[in-house]
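Last residue of the sequence shown? That's 246 in our numbering, and every number before it is there in order. Notes follow once the structure below has been shown.
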Amino acid sequence: DSQGDKLFDAMVVQVQNLSIPKGWQVDTLIIDEGQDMLQTWADIVLRLAKPDSRVLWIEDLNQQLYSHDKVLLKDFVRLDVPVNYRSPQKIQQCIEMLLELGTESGNPFPGLDPEFHTYENTQELFSQVRTRLDTLIGQGFRKENIAIISFRGMKTSAFSNMDRIGSYDLNRFTGEYDNEGHQVIQDGDIHFDTIYRYKGQQKQVILFVEIDFEALDELNRNKIYCGMTRATTHLECFFSIRAAEILSKR
């Protein structure tokens, strides 16, 4: 919330004015998910590198989900590697067909054919997801290897406040925190999360739900890419009618 953002910003300013404690600087510094860093955060982190240290900055602009300026780096050698190692070949082929990012698969596993569904309303989406869960588990996939990931944020997803879908309890963040500030997680059979929270993670099977947008702008394209690349074996996407029509034109 806004109060929390103000508190965090104040902490950043405070850290900027602190000296680096003795023994904190390192010989090698690796920053991952650099596309999500703000310039002020990057400047703070880079202070932890010794003057003669090695620094590796890793970023994927196709996975940038937040609107902010790109971090400016000095004296770095740039290496572009447009290879997707997580996604099996069939998923990567669908990604390129839909999004035309110029990436390629570095995964030797062909994977299963991705499946695409369309829905007209939330109740129809729930019904489709229940059916697909029954089918996938019947095919031998284990519940703990399946995740439902929403294109929406936690506050707007229709799945956020659900305890169950069909006969399956959802393992999800409740939106609450305990007295020590830890997230309260509801135990369940099938993991649910949003793409904003799940980025960087993976499951064998991803049901990517609530994919809905009015235009395929850069943010929506990146969100689709992030969601589709979470699956290591099988992917199923659930598009609203209007989103499906926009993508079908490609």
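Here a beta-carbon is modelled for each residue, glycine too, at the ideal position from N, C-alpha and C. Please read these numbers as outputs of a predicted model, since none were measured by experiment.
Considering only their Cβ atoms, is the gap separating Glu100 from Pro78 smaller than 8 Å?
yes
Straight-line CA distance for Phe217 to Met224?
Here residue 217 turns out to be Arg, not Phe, going by the sequence shown. Their backbone Cα atoms lie some 11 Å apart in a straight line.
If you drop the 5 nearest sequence neighbours on each side, which residues of the same chain put their C-beta closer than 7 Å to that of Thr24?
Excluding residues within five positions, the ones whose Cβ falls inside 7 Å are Ser49, Arg50.
Count the other CB atoms within 10 Å of the CB of Asp65; is the residue buried (16 or more) or exposed (fewer)?
exposed
Threshold first: 3 residues or longer. Then list the beta strand (DSSP E) segments lying entirely within the stretch 32 to 90, N to C.
45 to 53
What would DSSP say about Glu172, mapped onto helix, strand or coil?
strand
Secondary structure of Thr152, DSSP reduced to three states:
coil
Are the CB atoms of Cys222 and Lys199 nearer to each other than 8 Å?
No; because the gap between Cβ atoms is not below 8 Å, this pair is not in contact.
Who does Val22 pair with in a DSSP beta bridge?
According to DSSP, Val22 shares a beta bridge with Ala45.
Under a Cβ-count criterion, where at least 16 other Cβ atoms within 10 Å of its own Cβ denotes burial, should Val9 be classed as buried or exposed?
exposed
Taking the alpha-carbon positions, what's the Ile220 to Gly19 distance?
42 Å
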